[in-house]
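Residue numbers (this note's numbering): 11 to 137.
Put into structure tokens, the structure is as follows:
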């Protein structure tokens, strides 16, 4: 059984190499591209670390909101939610809808843009 290094460890090693060894020796466009690559790898690390729990939580909220079965597919539930909003079945007054949308958005921002200025405030507000 081969279990090490994990995908997270591999990505972290490449990011560390870029940040600590390569980038400090670069200038101009090459330095810029090294920062971009490092940021991409940081996003990938957050995806690997946070996405499974975020999707599990999202799926649970959607199952409750849509009264969907336990084995319902996340993508299908999201399509169903969009259809219900579009068709007027769900609106701002639908219990749990705003909380679900806000929580999902906060989870996505935490992965994509963890330094977004409003993220800390959004996390501290009641959901």
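Even glycine gets a Cβ: it sits at the ideal position worked out from N, Cα and C.
Treat the numbers as computed from the prediction; the structure is a model and nothing was measured.
Selected residue, minimal CA-CA separation from residue i, among the options
i, options, result
"residue 28", "15, 50, 81 and 14", "50"
"residue 52", "97, 125 and 36", "125"
"residue 16", "134, 55 and 90", "55"
"residue 47", "95, 99 and 21", "21"
"residue 26", "79, 44, 64 and 94", "44"
Close Cβ partners of residue i (< 6 Å) along its chain, the five nearest in sequence each way excluded
i, result
"residue 38", "none"
Closer than 6 Å: residue i CB and nearest the ligand ZN heavy atom
i, result
"residue 107", "The ligand ZN is not part of the structure shown, which contains no ligands of any sort."
**Q.** Inter-stretch contact at 8 Å, needing at least 3 Cβ pairs: the region 116-127 / the region 43-63
**A.** With three or more CB-CB distances shorter than 8 Å, the region 116-127 counts as touching the region 43-63.
Q: Mind the definition here: the region 107-119 touches the region 67-75 only if three or more C-beta pairs lie below 8 Å; say whether that holds.
A: As far as the Cβ criterion goes, the region 107-119 touches the region 67-75, which means the pair count is three or higher.
Q | At least three beta-carbon pairs within less than 8 Å, the region 73-87 to the region 97-112 | A | Flag = yes, the region 73-87 and the region 97-112 touch.
Q. In chain order, which continuous runs of the alpha helix (DSSP H) of length 4 or greater are located wholly inside the region 33-79?
A. List check, alpha helix (DSSP H) in window: 38-76.
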